[in-house]
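Participant:
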């Protein structure tokens, strides 16, 4: 499922991560989370991104994916 990167970015910020550059986010304790870069159309693959962030924090990845899917079903 392709989603706008900005939508995913908003969820990372909602989780309390701090943005240091367009595709790197940090928890306040300075542990780092990277997200895959968006394509030229500004979209990212939700499943791939969830898998990548899941290597670092499976709970975070699943929470964000669930919220995005919930929002998508109500759109």
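Residue numbers (our numbering): 76 to 150. Note that beta-carbon positions come from the ideal geometry of N, C-alpha and C, so glycine has one too.
Hey, could you find the ends of the beta strand (DSSP E) residue 132 is sitting in?
Facilitator: That residue, residue 132, is in no beta strand (DSSP E); it is neither H nor E in DSSP.
Participant: Exposed or buried, what is residue 143 when buried is set at 16 or more other beta-carbons lying within 10 Å of its beta-carbon?
Facilitator: By the neighbour-count rule (16 or more Cβ atoms within 10 Å), residue 143 is buried.
Participant: Leaving aside the five residues before and after residue 113 along the sequence, list all residues of the same chain whose C-beta is less than 6 Å from its C-beta, in chain order.
Facilitator: Result list for residue 113: 80 and 119, in chain order.
Participant: Contact check, residue 125 vs residue 110 under 8 Å by CB: the rounded distance?
Facilitator: Contact doesn't hold; Cβ gap of about 10 Å is too wide.
Participant: Restricting to runs no shorter than 3 residues, where is the beta strand (DSSP E) found entirely within the region 76 to 113?
Facilitator: For the region 76 to 113, whole beta strand (DSSP E) runs of length 3 or above, ordered along the chain, are 77 to 79, 93 to 96, 99 to 101 and 107 to 109.
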